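What follows is one structure encoded as structure tokens, with my remarks underneath.
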Amino acid sequence: MTRAQRWTLVATVLASATVFLDATVVNVALPRIGRDLPHSIVGVLEGQTYVYAGYLLSLSSLLILAGALTDTYGRRRMFMLGLAAFGASSALCGLAPSLEVLVVLRVVQGIAGAFLVPGSLALIAAGFSGPLRGRAYGIWSGAAAGTTLLGPAVGGVLVDTISWRAAFLINIPIALIALYATWRHVPESRSDEPPAGFDWLGAIIVGIAVGGLSFGTIYDQQRDWHDPVAFVILAAGFLGTAVAPFYMARAPHPLIPLSLFKSHSFTTINISTLLIYGGLLASGYSQALFVQGTLGYTAAAAGLMFIPSGVLLTLLSPRFGTLAGRYGARPFLIVGPLLMTVACILYARVPATSAPWQLRPDVPSSLIPPASYLID
């Protein structure tokens, strides 16, 4: 591995780590954010939802657009732009004076993060070849899984020992190191094929569909489904959803080629992924609020609560992937969701009177969880 390749790997791993870290680190900080920040436009629970979902929504909805821009205008250039924007937005999130401002900054942070994930993979693809490329992807994937796993625990310790603002400010030195490594050691590269033309209108339609349905649902639910503005937003989302397939069928270079869905496997896997990971993210969000807001766990204890499932996910995923290749994916796509359903039902039965885990890093006796932690 050459010097440039090593630094490329360092830059891409650090950059993507911050993106994945911020997807989970904020979970355990939400209750403290809701208590500390003033708000005048949105309610506490509504604002907490926007802080969490706004980042993921802007991040996921712009990945395809960011990937196309990266190939067109230069992978190194767009990657550095994303790093600078992510670091700056993280700093502003850490200094946010109100809940409403934090919501807007989280959306901006997600937009910046959208350039880092495809940008990281593109730089690895351009800088590595043969077996080294597979090794680089493996290191990148392992780092992504590790940061996602450690996010709640790191966030909980930062919230309890420093402040919830530190959960955002920690991104600044990481982004600066990655930015320096990219500037000094990563060569510029572009796609070898000329761009066929990007479907800007398709991106707008998809954004209206996803954003309208998500934002409209959250907004109206917090107002007991009585606000006419929310119904206008929802109507825009439904209209975008209805128009999207007709537009994609006629666009010369559609954002989402409908021909992909002629494959039964492709369609089934995407629907399964949507339902499974939607359930996982929703469960993680609700658990963090429940154990802190209802059971009285500290932020650090709430973060450590996610460690067992994260460890099992990281250790067993490669093994089950191998088994799926040998026996087919169908048995695992049936058994896995069934086990998730049972686990969610059991979790819903955890009594609100369970003993809290008042974990404090500076109090050794509090490092042992109560018996109900293991029973629940």
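Residue numbering for the sequence shown follows this note's numbering, starting at 130 and increasing by one per position. A virtual CB, placed ideally from N, CA and C, is assigned to each residue, including glycine. None of the values given here were measured: they were computed from a predicted structure.
Just curious, the alpha helix (DSSP H) that residue i is in, first and last residue?
i	result
LEU468	459-477
LEU368	357-379
ARG319	It is not in any alpha helix (DSSP H) - ARG319 carries neither H nor E in the DSSP assignment.
PHE395	393-422
THR137	132-153
ILE170	No alpha helix (DSSP H) contains ILE170, which DSSP labels as neither H nor E.
LEU191	First-last for LEU191: undefined, no H or E at that position.
GLY163	159-165
With 16 as the cutoff for other CB atoms within 10 Å, does residue i come out buried or exposed?
i	result
VAL372	exposed
ALA310	buried
THR396	exposed
LEU150	buried
ALA411	exposed
TYR184	buried
VAL492	Low per-residue confidence applies at VAL492: pLDDT is 49, beneath 50, and the placement is therefore not dependable enough to give any value.
CYS73	Because residue 73 is not part of the residues shown, which for the chain are 130 to 505, the question remains open.
ARG294	buried
MET130	exposed
THR137	buried
ALA182	buried
SER169	exposed
PHE375	exposed
TYR202	exposed
ILE504	Confidence in ILE504 is poor, its pLDDT being 40 and thus under 50, which makes the residue's placement too unreliable to answer from.
GLN238	buried
LEU445	exposed
LEU279	buried
ALA282	buried
TYR406	exposed
THR178	buried
ILE400	exposed
On the three-state DSSP scale, how would you describe residue i?
i	result
TRP312	helix
HIS226	The sequence given here has Pro at residue 226, not His. Note: PRO226 maps to coil in three-state DSSP.
ILE385	coil
ASP328	coil
TRP269	helix
SER494	Because SER494 carries a pLDDT of 46, less than 50, the predicted location of this residue cannot be relied on, and the following value inherits that uncertainty. Of the three classes helix, strand and coil, the one that applies to SER494 here is helix, per DSSP.
ALA251	helix
PRO302	helix
PHE435	coil
ALA213	helix
LEU441	helix
ARG206	helix
SER507	Absent from the model: residue 507. The displayed extent of the chain is 130 to 505, so no value can be given.
ALA296	helix
THR199	helix
ASP353	coil
PHE257	coil
GLY242	helix
ILE291	coil
ALA307	helix
PRO480	coil
TYR456	helix
THR285	Here the sequence assigns Gly to residue 285, which means Thr is not the residue at that position. Helix, per DSSP.
TYR426	coil
Checking contacts by CB at 9 Å: is residue i closer than that to chain B?
i	result
VAL139	As a matter of chain content, chain B is missing from the structure shown, which is built from one protein chain.
(request) Could you tell me whether the segment 131-151 touches the segment 254-267, using the rule of 3 or more Cβ pairs below 8 Å? (result) yes
(request) Determine, using beta-carbon pairs with one atom in the segment 160-180 and one in the segment 297-307, whether at least three such pairs fall under 8 Å. (result) no
(message) Contact between the segment 419-436 and the segment 358-376 is defined here as three or more beta-carbon pairs at a separation below 8 Å; is this criterion met?
(response) no
(request) Could you tell me whether the segment 241-253 touches the segment 143-159, using the rule of 3 or more Cβ pairs below 8 Å? (result) yes
(request) Flag this pair as touching only if the segment 276-296 and the segment 428-437 have three or more C-beta atom pairs under 8 Å; answer yes or no. (result) yes
(message) Three or more C-beta pairs under 8 Å: does that hold for the segment 408-419 against the segment 260-268?
(response) no
(message) Below 8 Å, how does it come out for the segment 186-198 and the segment 339-348: are there three or more Cβ pairs, yes or no?
(response) yes
(message) If contact is defined by three or more beta carbon pairs under 8 Å, each pair taking one atom from either stretch, is the segment 209-221 in contact with the segment 158-173?
(response) no
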